[in-house]
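Here is the structure we will look at, set down as structure tokens.
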Amino acid sequence: MAPPPQHPPPASGGRLLVLYASQTGHAEEAAGRVGREAERGGCPAVHVLSMDSFNPSRLPGERSVIFVVSTAGQGEPPDSMKGFWRYLLKKNLDAPWLQGLRYAVFGLGDSGYLQTYNVAAMKLRKRLSQLGAKSIIGIGLGDEQASSGYEKALGPWLLSLWKSLNRTNPSLLPRIPDIINPNLNNLGDTKVEVIYYSSDDTPQDSTVSDSKKLIGRARSMHPALKFHNDGEPQCMLKMVTNERLTKKDSERDVRHFELEDPSSAVRYQVGDALEILPSQNPSAVNAFIKRCNLDPDCYITIRAKGGDEVSKGSPVNGLMDCIKLKTFVALTMDVASASPGRYFYEIMSYFATVQHEKERLHCFATTEDEKERLQKKRLQKERLEEFASPEGRDILYQYNHKEGRTVLEVLEDFPWVHMPFEWLVQLTPPLKKRAFSISSSPLAHPNQIHLTVSVVSWLATPFRRKHGLCSTWLAGLNPNEETRVPCWIHRGSLPPPDSSTPLVLIGPGTGCAPFRAFVEERATQRARQPTAQILFFFGCRNEDDDFLHRDFWSHHAQDNRVLSPKEGGGFFAAFSRDQPEKVYVQHKIREQSARVLNMLCSGAAVYVAGSSTKMPADVRAALEEVVRKKGGDAGWLRKLERAGKYNTETWS
Numbered sequence: 001m002a003p004p005p006q007h008p009p010p011a012s013g014g015r016l017l018v019l020y021a022s023q024t025g026h027a028e029e030a031a032g033r034v035g036r037e038a039e040r041g042g043c044p045a046v047h048v049l050s051m052d053s054f055n056p057s058r059l060p061g062e063r064s065v066i067f068v069v070s071t072a073g074q075g076e077p078p079d080s081m082k083g084f085w086r087y088l089l090k091k092n093l094d095a096p097w098l099q100g101l102r103y104a105v106f107g108l109g110d111s112g113y114l115q116t117y118n119v120a121a122m123k124l125r126k127r128l129s130q131l132g133a134k135s136i137i138g139i140g141l142g143d144e145q146a147s148s149g150y151e152k153a154l155g156p157w158l159l160s161l162w163k164s165l166n167r168t169n170p171s172l173l174p175r176i177p178d179i180i181n182p183n184l185n186n187l188g189d190t191k192v193e194v195i196y197y198s199s200d201d202t203p204q205d206s207t208v209s210d211s212k213k214l215i216g217r218a219r220s221m222h223p224a225l226k227f228h229n230d231g232e233p234q235c236m237l238k239m240v241t242n243e244r245l246t247k248k249d250s251e252r253d254v255r256h257f258e259l260e261d262p263s264s265a266v267r268y269q270v271g272d273a274l275e276i277l278p279s280q281n282p283s284a285v286n287a288f289i290k291r292c293n294l295d296p297d298c299y300i301t302i303r304a305k306g307g308d309e310v311s312k313g314s315p316v317n318g319l320m321d322c323i324k325l326k327t328f329v330a331l332t333m334d335v336a337s338a339s340p341g342r343y344f345y346e347i348m349s350y351f352a353t354v355q356h357e358k359e360r361l362h363c364f365a366t367t368e369d370e371k372e373r374l375q376k377k378r379l380q381k382e383r384l385e386e387f388a389s390p391e392g393r394d395i396l397y398q399y400n401h402k403e404g405r406t407v408l409e410v411l412e413d414f415p416w417v418h419m420p421f422e423w424l425v426q427l428t429p430p431l432k433k434r435a436f437s438i439s440s441s442p443l444a445h446p447n448q449i450h451l452t453v454s455v456v457s458w459l460a461t462p463f464r465r466k467h468g469l470c471s472t473w474l475a476g477l478n479p480n481e482e483t484r485v486p487c488w489i490h491r492g493s494l495p496p497p498d499s500s501t502p503l504v505l506i507g508p509g510t511g512c513a514p515f516r517a518f519v520e521e522r523a524t525q526r527a528r529q530p531t532a533q534i535l536f537f538f539g540c541r542n543e544d545d546d547f548l549h550r551d552f553w554s555h556h557a558q559d560n561r562v563l564s565p566k567e568g569g570g571f572f573a574a575f576s577r578d579q580p581e582k583v584y585v586q587h588k589i590r591e592q593s594a595r596v597l598n599m600l601c602s603g604a605a606v607y608v609a610g611s612s613t614k615m616p617a618d619v620r621a622a623l624e625e626v627v628r629k630k631g632g633d634a635g636w637l638r639k640l641e642r643a644g645k646y647n648t649e650t651w652s
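So the sequence shown is numbered by full-length UniProt numbering: it starts at 1 and just counts up by one.
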């Protein structure tokens with residue numbers, strides 16, 4: 001069971017609250033930097049919390065709050081902000097509600113999506129102002145397209161923030177010089193404590209053979225996961241089908257997966273998402289443990305330092321709840337997929353300097369090999385110092401983010417630098433679950449969940465090919481083996497439609513996944529009762545290479561089935577690269593404008609799923625054009641949205 005949200009103690013004038021909403025982890029990393037700099041500047045108390053861990057009704061009791069917010073999909077707030085945002089939009093809240101609050105907002109966005117660039121942060125700033133809060137400084141806008149990402153805007157914005165806070169409330173931030181010119185030789189303590197037990201001391205009861213309980217124990221022990229943990233997996237499903245949907249020689253590898261619980265039904269509904277905890281490559285986990293000089297077989301428990309209580313309901317209760325170090329790393333620390341944050345390099349730089357100075361003072365290099373070794377260490381130390389400096393921001397962004405360096409790769413690039421395990425636990429990105437739209441109906445498959453997954457692979461540089469951790473792991477699973485997949489089921493962005501509601505579905509590429517479930521569900525319902533018709537617009541590059549689920553759509557478009565034109569439905573495919581002029585789903589919508597308009601006039605709901613690049617905006621523009629041609633206006637779609645009949649689910 002997930003632990004309850006954590007709240008800081010009652011507000012005081014001497015505390016700074018930092019609230020973040022992150023979808024990919026960047027906003028969380030930026031908020032961590034805000035908190036560290038405030039502590040460095042002498043702030044008496046700093047609390048850094050995810051928005052879904054803070055009760056928004058307590059906001060009027062705060063005095064100084066910094067918000068760090070990313071923008072997800074087509075301008076919607078991140079999942080962790082949605083409940084917080086709904087509360088702020090309550091109609092009974094008015095201007096005096098936040099009149100004692102001073103705030104600042106920093107947004108993380110991508111100017112490549114100009115229409116939705118940092119819109120979540122801008123909306124938050126506007127709403128806070130409407131509720132009576134006063135801004136400390138203007139909004140900061142981080143841009144993923146900048147030469148060093150969001151960091152380029154964050155540094156100058158933070159400097160202005162600290163100076164403003166110091167002027168208005170010197171006691172809150174008394175040591176501004178320590179922020180501007182940080183002393184990296186003064187490291188401070190880690191926020192976690194690792195307690196070690198030898199395998200001889202570990203009682204038999206501490207070992208866990210149940211995979212679900214083991215995952216729950218490990219992840220509720222990790223400092224970055226314990227407050228956002230869903231507990232044990234809801235189910236451990238077996239892969240029973242692993243089928244490639246695209247041609248073998250196609251540059252894209254898209255799979256149809258069928259996961260099954262052989263013993264019981266799986267409870268879900270169409271529109272839901274399946275979250276999966278991927279397994280890391282055992283060789284990468286072993287390499288990380290070896291590189292860090294750790295004992296893989298020792299048992300550990302991890303707890304917060306500084307008197308912080310571990311959340312209620314957490315299984316971290318000492319020796320009886322310890323876990324093997326190798327298991328903890330494998331289940332919680334993303335060592336071979338995620339890139340570390342900038343703070344990782346600051347801490348590495350510190351330990352590189354300490355170790356180099358210690359060896360320089362106590363070691364006399366008498367041979368050429370020893371001199372060369374010391375020279376290499378010195379160069380590594382200097383490179384890390386450059387990465388950690390403001391001047392090296394662009395170089396670090398290229399090395400770390402653009403080239404996709406993982407924690408293990410960074411550690412192997414600097415083999416002489418050794419960080420304590422406590423720091424590695426704190427700084428290594430946590431192993432996160434991956435969410436996929438479910439592409440099956442529980443009416444048709446009560447004990448199965450189907451997925452349509454693109455196996456992610458890309459060239460980070462001409463010589464560095466990277467692979468998505470979860471999709472690659474799933475693609476490598478053999479249905480003839482007994483590997484179980486840890487799964488959680490969550491409500492998605494697409495509400496399940498009533499069987500009597502006509503549907504206009506637009507899902508190019510893997511955006512067809514949730515609509516395969518919609519069509520399958522309605523086909524099953526139709527066997528028992530009349531149902532409304534469906535128009536489905538699909539798109540891909542080539543009819544021969546990547547026409548996903550071709551036979552499925554063809555089957556349901558025949559005779560009197562749910563996509564049959566005879567029944568008022570239809571299936572329309574756009575193959576963008578099969579002719580000189582590119583054809584996309586929006587072109588097919590315009591071609592079928594009479595059918596689309598007829599469906600809208602019949603009370604149809606519109607669902608859009610797929611890539612969050614240009615597609616959703618282009619589809620909306622095409623629908624607006626269809627409505628305008630018949631005398632309507634763009635307000636029609638806004639009315640559909642307000643009525644819950646225009647829904648989108650997009651991903652980058």
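Every residue, glycine too, gets a C-beta built ideally from N, C-alpha and C. As the structure is a prediction and not an experimental result, all values here were calculated from the model.
Here lysine 629 is exposed: its Cβ has fewer than 16 other Cβ atoms, across all protein chains shown, within 10 Å. Arginine 516 places its beta carbon 8 Å or farther from that of histidine 490. Bounds of the alpha helix (DSSP H) holding alanine 31 are 26 to 40. Glycine 25 and alanine 31 have their C-alpha atoms spaced approximately 10 Å apart.
With a threshold of 16 other beta carbon atoms within 10 Å, proline 514 meets it and is buried. Taken atom to atom, the span from the alpha-carbon of alanine 72 to that of arginine 378 is near 42 Å. 8 Å or more divides the Cβ of glycine 476 from the Cβ of glycine 610. Only exposed fits aspartate 189, as fewer than 16 other CB atoms lie within 10 angstroms of its CB.
Proline 415 counts as exposed, since fewer than 16 other C-beta atoms from the protein chains shown sit within 10 angstroms of its C-beta. Among the bridge pairs identified by DSSP, valine 48 is matched with Val18. Taking leucine 158 as reference, the option from Asp545, Asp559, Glu144, Arg40 with the minimal CA-CA separation is Arg40. Membership of tryptophan 636 in the alpha helix (DSSP H) is indicated by the continuous run 635 to 642. The count of Cβ pairs closer than 8 Å, one atom from the stretch 240 to 249 and one from the stretch 415 to 424, stays below three, leaving the stretches out of contact.
Annotated as distal: serine 220 and cysteine 298, with beta-carbon spacing of 8 Å or more.
A distance below 8 Å separates the beta carbons of glutamine 380 and alanine 352. For proline 156, the enclosing alpha helix (DSSP H) stretches over residues 151 to 168. Distances from the CA of phenylalanine 84 to each of Leu597, Gln99, Arg127, Ala45 were compared; the closest alpha carbon is that of Arg127. DSSP, reduced to helix, strand and coil, places arginine 561 outside both helices and strands of the structure shown, so it counts as coil. Between valine 270 and the set Pro233, Phe518, Lys191, Met236, the nearest pair of CA atoms involves Phe518. In this model, valine 254 and valine 453 are separated by some 6 Å (Cα to Cα). The C-beta distance from tryptophan 97 to glycine 75 rounds to 25 Å, too long to fall under 8 Å, and the pair is not in contact. In the structure shown, the three-state DSSP call for tryptophan 416 is coil. A residue is called buried when at least 16 other Cβ atoms come within 10 angstroms of its Cβ; glutamate 62 meets this threshold and is buried. Out of Ala460, Pro78, Ala435, Tyr20, the CA that lies nearest to the CA of alanine 104 is found in Tyr20. Counted as a single uninterrupted DSSP element, the alpha helix (DSSP H) harbouring lysine 371 occupies residues 368 to 388. Out of Phe344, Leu384, Trp651, the CA that lies nearest to the CA of glycine 492 is found in Trp651. In this structure, Gly568 is the residue among Gly568, Thr483, His555, His445 with its C-alpha nearest to the C-alpha of valine 504. It is roughly 26 Å from the alpha-carbon of proline 170 to the alpha-carbon of valine 69.
Residue state for isoleucine 139 is assigned as coil, using DSSP reduced to three classes. In terms of Cα proximity to valine 608, the closest of Arg528, Arg291, Leu494, Asn542 is Leu494.
Pairing asparagine 480 with glutamate 260, the inter-Cα distance amounts to about 13 Å. With fewer than 16 other Cβ atoms from the protein chains shown falling within 10 Å of its own Cβ, isoleucine 180 counts as exposed. Excluding residues up to 5 positions away in sequence, Val270, Ser441, Leu443 lie with their Cβ nearer than 6 Å to the Cβ of glutamate 521 in the same chain. Taking all protein chains in view, the Cβ of cysteine 540 is crowded by 16 or more other Cβ atoms within 10 Å, so the residue is classified as buried.
Here the alpha carbons of alanine 605 and tyrosine 646 stand approximately 6 Å from one another.
Per DSSP, reduced to three states, the secondary structure at arginine 125 is helical.
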